[in-house]
Structures are given as C-alpha cells and as structure tokens.
Amino acid sequence: MFEAGQREWRLYIDDMIGFAEKVLSYTEGMNQASFISNNLTYDATLRNIELIGEAATHIPDTIRSENSDIPWRMIVATRNRLIHGYLGVEDDILWSIIVDEIPALLSALRIISANTIR
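Our numbering puts the sequence shown at residues 57 to 174.
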C-alpha cells in the first residue's frame, strides 16, 4: 500500500494539529509586543509555523481539493518565506497568522482528522 519510508497523509494532518497547538500554547496570554520581545517564544513559534507548512506539502491534492477552505498554497508559501528568510519576517503579519489563521486552521484540521477513517 505504501512504499517503504512513505508516511500516510493522515499522520501529516496529525502533525499539523500538534504544531498548531504548540503555536497557540507558546503564545497564550501574550500580546504582539510581548511575543516579539520574547526571543525564545518567537523562534519556537516561527519554527512550528514552518513545520505546519512542511507537513502541508505532504497532503495529497485530492485531500486539498476536498478541503478547499484551507489555504494550502498559502500555508506552503508562508513556510517557504520563513525558511528562506525572503526579506525578513514582518511581525504584524506573523502575529496575524498566530491570532487569526492558526486557530481557524486548527479547527479545520481537527474536523478532517475526526472525519477520517483510521
């Protein structure tokens, strides 16, 4: 069914959920200024957002199409921008991702996970 070393796509959904939960846990109770001033939290959060994007690259096109409410291409593009450091990271955009996009993504991923036969 799967080639050696190939993970099932559902596991990547689980990974994405875990990474999103970490982002929200790390930043809980913070505002943008306290987040930006805490280097450890900033770096850990950035890394988990990168990992969300990396895991998203392993979701098959059929699953992406079935869940078109999730901005898959934007998630992967964000990962690429963060990893390659194109023009740096804008703190306003990063904070918006944390407070607006991650909770919505987490909710959508949990629905996919709950509706997937294991």
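All residues carry an ideal CB built from backbone N, CA and C; glycine is no exception. Treat the numbers as computed from the prediction; the structure is a model and nothing was measured.
Using the Cα positions of residue i and residue j, report the straight-line distance between them to the nearest angstrom.
| i | j | result |
| --- | --- | --- |
| Gly74 | Leu162 | 9 Å |
| Ile173 | Arg66 | 9 Å |
| Ser169 | Asp70 | 7 Å |
| Asp117 | Ser93 | 38 Å |
| Met130 | Leu96 | 25 Å |
Take residue i as the anchor and find which of the options has the nearest alpha-carbon.
| i | options | result |
| --- | --- | --- |
| Gly85 | Asn171, Ala170, Val155, Ala100 | Val155 |
| Asn171 | Ala100, Ile119, Ile153 | Ile119 |
Assign residue i to buried or exposed, taking buried as 16 or more other Cβ atoms, counted over all protein chains shown, within 10 Å of its Cβ.
| i | result |
| --- | --- |
| Arg135 | buried |
| Ile139 | exposed |
| Ala160 | exposed |
| Gly109 | buried |
| Ile149 | exposed |
| Ala133 | exposed |
Sorted by chain position, which residues of the same chain lie with C-beta nearer than 8 Å to residue i's C-beta, five sequence neighbours on each side aside?
| i | result |
| --- | --- |
| Ser90 | none |
| Ala164 | Asn123, Asp125, Ile126 |
* Asked: Can you list the alpha helix (DSSP H) stretches of 4 or more residues lying completely in the segment 57-92, in chain order?
  -> 65-83
* Note down, one range per segment and in chain order, each alpha helix (DSSP H) of at least 4 residues found wholly within the segment 143-167. => 147-152
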